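Residue numbers for the sequence shown follow this note's numbering, so the first one is 7 and each next one is one higher.
Glycine included, C-beta positions come from ideal geometry on N, C-alpha and C.
Remember, it's a predicted structure, so these values are computed and weren't measured experimentally.
Working notes, structure below.
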Amino acid sequence: MQTEDQVTTTQSGISIAQLDEAISRSQNYLLSLQNPEGYWWAELESNVTITAEVVLLHKIWGTDTTRPLHKVENYLRRQQREHGGWELFYGDGGELSTSVEAYMALKLLGVSETDPAMQKARQFICDRGGISKTRIFTKFHLALIGCYDWQGIPSIPPAIMLLPDNFPVTIYEMSSWARGSTVPLLIVFDQKPVYLTNPTINLDELYAEGREHARFELPRHGDWSDLFVHLDGVFKQLENWNLMPFRQEGLAAAEKWVLERQEATGDWGGIIPAMLNSLLALRSLGYGSADPIVERGLQSIDRFALETDDCYWVQPCVSPVWDTALVMRALIDSGVAPDHPAIVKGGEWLLQKQILDYGDWAVKNKAGKPGAWAFEFENRFYPDVDDSAVVVMALHAARLPNENLKQAAIARAVDWIATMQCRPGGWAAFDIDNDQDWLNQIPYGDLKAMIDPNTADVTARVLEMAGRLELGIRDQGSEEIPSASIPNPQFPIPNPLSPHRIDRALAYLRQEQEPEGCWFGRWGVNYIYGTSGVLAALSLIAPQTHRREIERGAAWLMTVQNRDGGWGETCFSYNDRSLMGQGDSTASQTAWALIGLLAAGEATGKYETNAIERGVQYLLATQRSDGTWDEDYFTGTGFPCHFYLKYHLYLQHFPLTALGRYRQLVSS
7 MQTEDQVTTT QSGISIAQLD EAISRSQNYL LSLQNPEGYW WAELESNVTI TAEVVLLHKI
67 WGTDTTRPLH KVENYLRRQQ REHGGWELFY GDGGELSTSV EAYMALKLLG VSETDPAMQK
127 ARQFICDRGG ISKTRIFTKF HLALIGCYDW QGIPSIPPAI MLLPDNFPVT IYEMSSWARG
187 STVPLLIVFD QKPVYLTNPT INLDELYAEG REHARFELPR HGDWSDLFVH LDGVFKQLEN
247 WNLMPFRQEG LAAAEKWVLE RQEATGDWGG IIPAMLNSLL ALRSLGYGSA DPIVERGLQS
307 IDRFALETDD CYWVQPCVSP VWDTALVMRA LIDSGVAPDH PAIVKGGEWL LQKQILDYGD
367 WAVKNKAGKP GAWAFEFENR FYPDVDDSAV VVMALHAARL PNENLKQAAI ARAVDWIATM
427 QCRPGGWAAF DIDNDQDWLN QIPYGDLKAM IDPNTADVTA RVLEMAGRLE LGIRDQGSEE
487 IPSASIPNPQ FPIPNPLSPH RIDRALAYLR QEQEPEGCWF GRWGVNYIYG TSGVLAALSL
547 IAPQTHRREI ERGAAWLMTV QNRDGGWGET CFSYNDRSLM GQGDSTASQT AWALIGLLAA
607 GEATGKYETN AIERGVQYLL ATQRSDGTWD EDYFTGTGFP CHFYLKYHLY LQHFPLTALG
667 RYRQLVSS
């Protein structure tokens with residue numbers, strides 16, 4: 007019988023030496039990226055609207071000359087595509103609202119409308135209906151500088167700030183990101199400011215029908231949601247007559263809420279939309295640019311910016327906690343020692359970032375106690391379940407000098423996660439039972455992201471966490487999870503989740519499985535992401551009772567494998583289910599599929615060797631000499647159909663995780 011040292015190739019001819027070399031190169035690259043403080047952090051890329059809106063903000067505040075905004079012109083020019091427009095995500099063919107905001111920013115930066123790039127953009131925009139066909143949030147930003155009429159922007163009664171917590175609808179029925187953006191908008195929408203900028207611009211040329219023929223009104227859909235349009239008419243009449251009930255009290259409550267939720271670092275909610283809207287609210291209330299609150303807020307936006315010799319752009323968010331935990335898992339899964347100095351440094355940094363304050367989640371979750379993690383460097387009001395579960399798994403896999411401190415932090419986090427379980431049995435990202443879908447129909451909710459319901463991918467992460475934490479969890483009373491699945495079994499956490507909670511979550515995942523066998527991915531593109539996560543969870547937590555679901559999920563992954571051996575999925579699969587699992591191969595999505603298939607094989611004892619090894623060969627063939635992979639496509643999801651992300655570390659650590667777990671399989 008051959009020993010491992012004697013095996014030089016796998017059954018399909020993959021060289022073990024080549025595999026080990028690829029893993030080593032990837033490890034060395036990721037280790038080289040670690041910040042001296044212990045964390046990993048890379049760019050979080052989105053579309054150009056974030057940068058365009060920051061340009062507008064600085065023009066409104068008059069702080070544009072103190073930032074290198076002149077470099078934004080180069081950035082926007084390079085992002086413009088041959089058809090004249092700008093994209094929502096790579097390869098989408100161009101998107102109207104994104105293009106209008108980019109055009110606006112270029113004009114604010116002094117680019118003439120006769121510039122060839124502007125002429126191409128104008129043609130692209132007008133061919134698609136012009137400003138009148140853009141989203142509400144684009145129109146809102148144009149209204150701030152008189153390029154759109156406030157009559158076409160929804161009115162929101164400030165009195166909603168005064169509704170008691172036990173009222174059927176309050177701001178806490180909105181998702182955390184919608185809440186953080188909406189409360190300051192209550193102030194701005196009420197004040198309806200119009201600012202003069204330098205240069206002063208108009209965008210009349212972008213009204214396809216001519217500005218004089220434009221109708222500044224809310225869109226109607228011919229269904230029950232038109233009720234909101236009628237209500238908006240009532241609100242506008244009350245505004246005109248100065249009869250809006252409890253207006254001043256509501257505005258005062260909104261201002262207080264905004265001020266209370268600013269971090270010491272100046273951030274609001276850890277996301278640019280909430281930060282921009284909060285600063286716009288303060289501007290409309292008469293705050294000055296020298297006010298410490300404003301100064302800190304503007305500096306927080308500066309920290310989201312990236313700059314090169316000739317370009318300047320802004321990220322929608324930053325992801326150091328998420329990046330650090332996932333890189334640590336990849337390194338350990340691929341053979342780096344759990345007590346390696348880099349792992350220890352990363353783990354100790356994560357421990358420092360645990361949030362021990364109450365946040366907005368506590369309004370509806372009366373049982374929970376603080377102990378979670380957020381996505382960003384600082385975001386004490388909005389920790390999330392997904393980050394917390396991944397951090398717990400990363401810490402559990404690491405071996406730190408103070409294991410007692412680590413275990414106490416893990417226990418506190420798991421207790422918090424348990425209390426965040428939603429009524430249907432799953433987990434959402436930031437809130438509990440945040441599922442009133444009708445809120446997506448309100449007029450300014452045209453991104454359809456007003457709520458944060460439980461999802462299969464977040465639920466799967468929690469169950470995977472539970473499976474990795476506890477050696478003694480049994481599959482519905484049958485067999486134990488094998489200790490080989492647990493990275494650090496000498497420090498098990500007893501009963502991380504009760505059997506009742508696990509049963510409810512498993513029932514939820516069973517219900518969420520699509521007819522094709524896959525699962526929807528809310529936070530990653532899309533069905534490949536969701537399916538990979540659920541298979542990783544079920545293989546640990548319920549390999550026997552959910553064998554059928556596991557087999558169907560694995561079978562679906564094999565049906566969508568590309569001819570080159572990789573996997574890929576377009577963002578358009580959110581718009582069209584027939585595109586699920588379809589797209590050019592990418593390193594990150596190939597890795598997700600491999601992680602799912604390897605987990606399914608561990609659960610069933612039947613590895614789909616051909617599909618797995620073709621996927622591994624794809625990753626080996628596409629790795630560059632420095633240990634990295636490259637991909638242009640966006641594989642992260644902000645809001646399905648409306649906002650997408652490219653995590654610049656996804657294409658590095660996920661392939662390493664996949665190769666590392668495959669190497670473990672070969673070794674065994």
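| said: Please report the distance separating the alpha-carbon of V397 from that of V235. | reply: 44 Å
| request: Output yes or no for whether 7 Å exceeds the beta carbon distance between P502 and A472. | output: Less than 7 Å divides the Cβ of P502 from the Cβ of A472.
| said: Going by the DSSP bridge assignment, what does G530 pair with across the sheet? | reply: G642
| task | Can you grab the Cα-Cα spacing for the pair I487 / A311, in whole Å? | result | A caution first: I487 carries a pLDDT of 36, below 50, which makes its placement in the model unreliable, though a value can still be read off. Approximately 45 Å between the Cα atoms of the pair.
| request: Identify every residue that forms a DSSP beta bridge with S21. | output: DSSP lists T15 as partners of S21.
| query | How close, in whole Å, do the beta carbons of Q588 and T576 come, if the pair is a contact with beta carbons under 8 Å? | reply | 6 Å
| said: Check for me: the beta strand (DSSP E) holding V324 runs from which residue to which? | reply: Here V324 belongs to no beta strand (DSSP E), and DSSP marks it neither H nor E.
| Endpoints, alpha helix (DSSP H) assigned at K145 | I142 to A149
| said: DSSP three-state label for E486, please. | reply: Reliability of the predicted coordinates at E486 is poor, the pLDDT of 35 falling under 50, and the value obtained from them is presented with this limitation in mind. E486: strand per DSSP, three-state reduction.
| field | Collapsed DSSP secondary structure at E313 in the structure displayed | value | strand
| query | Can you round the beta-carbon distance between G256 and P163 to whole angstroms, since I take them to be within the 8 Å contact cut? | reply | So it is a contact: roughly 7 Å between Cβ atoms.
| task | Give the DSSP-derived three-state secondary structure of L662 in the structure shown. | result | helix
| task | Would you please state the rounded distance, in angstroms, between the beta carbons of L563 and L603? I believe it to be under 8 Å. | result | 6 Å
| query | Which residue from W529, R405, H506 and I556 puts its Cα closest to that of E522? | reply | I556
| message | What does the Cβ neighbour count give for Q358, buried or exposed, with the cut at 16 atoms within 10 Å? | response | exposed
| request: Along the alpha helix (DSSP H) that carries L626, what are the first and last residues, could you check? | output: For L626, the uninterrupted alpha helix (DSSP H) segment begins and ends at T615 to T628.
| For A23, which option in G644, I193, F640 and L626 has the closest C-alpha, if you only look at C-alpha atoms? | Per the Cα distances, L626.
| field | Buried versus exposed, by CB contacts within 10 Å (16 or more), E107 | value | With 16 or more Cβ atoms within 10 Å of its Cβ, E107 is classed as buried.
| query | At which residues does the alpha helix (DSSP H) containing K370 begin and terminate? | reply | Annotation: K370 is outside any alpha helix (DSSP H) and is labelled neither H nor E by DSSP.
| field | Neighbourhood of F578 by C-beta, 6 Å cutoff - its chain only, sequence neighbours within 5 removed | value | L585
| request: Quick one: give me the first and last residue of the beta strand (DSSP E) that V320 is part of. | output: Y318 to V320
| task | For the stretch 399–412 and the stretch 378–391, state whether three or more C-beta atom pairs, one from each stretch, are separated by less than 8 Å. | result | no
| message | Just verifying my parser: in three-state terms, what is the DSSP assignment at R480? | response | Any reading at R480 needs caution, since the residue's pLDDT is 37, under 50, leaving its predicted position unreliable; the model's value is listed next. It is a strand residue.
| CB of I534 within 7 Å of CB of W598, strictly | Taking 7 Å as the Cβ cut-off, I534 and W598 qualify as a contacting pair.
| query | With a Cβ-Cβ cutoff of 7 Å, do M241 and G158 count as a contact? | reply | The question names Met, yet the displayed sequence has Phe at residue 241. Contact: no.
| Around the Cβ of N568, are there at least 16 other Cβ atoms within 10 angstroms (buried) or fewer (exposed)? | buried
| request: With DSSP collapsed to three states, give me the class of K652. | output: strand
| So L94 and E101 are in contact, right, with Cβ under 8 Å, and what is the actual spacing, rounded? | 4 Å
| Member of R528, E476, D70 and L115 whose CA lies at the smallest distance from the CA of Y81 | Comparing Cα positions, the closest option is L115.
| field | Three-pair Cβ contact test at 8 Å for the stretch 290–307 versus the stretch 358–371 | value | Counting Cβ pairs under 8 Å, fewer than three are found: no touch.
| DSSP state of N385 mapped onto helix, strand, coil | coil
| What does a CB cutoff of less than 7 Å around I479 pick up in its chain, not counting 5 residues either side in sequence? | Residue confidence is low: I479 scores 38 on pLDDT, short of 50, so the model does not pin down where it sits. Its coordinate-derived value is still stated next. Only A472, G473, I487 and I547 meet the Cβ criterion.
| Contacting residues, own chain, Cβ-Cβ under 7 Å from K198 (five flanking each side not counted) | Correct list, in chain order: W156.
| Through-space distance from R528 to T643, alpha-carbon basis | 7 Å
| Which residue's Cα is closest to the Cα of Q670: H659, A605 and L657? | Across the set H659, A605 and L657, the C-alpha of A605 shows the shortest separation from the C-alpha of Q670.
| field | Inter-residue spacing [alpha-carbon to alpha-carbon] between W328 and F381 | value | Roughly 6 Å separates the two Cα atoms.
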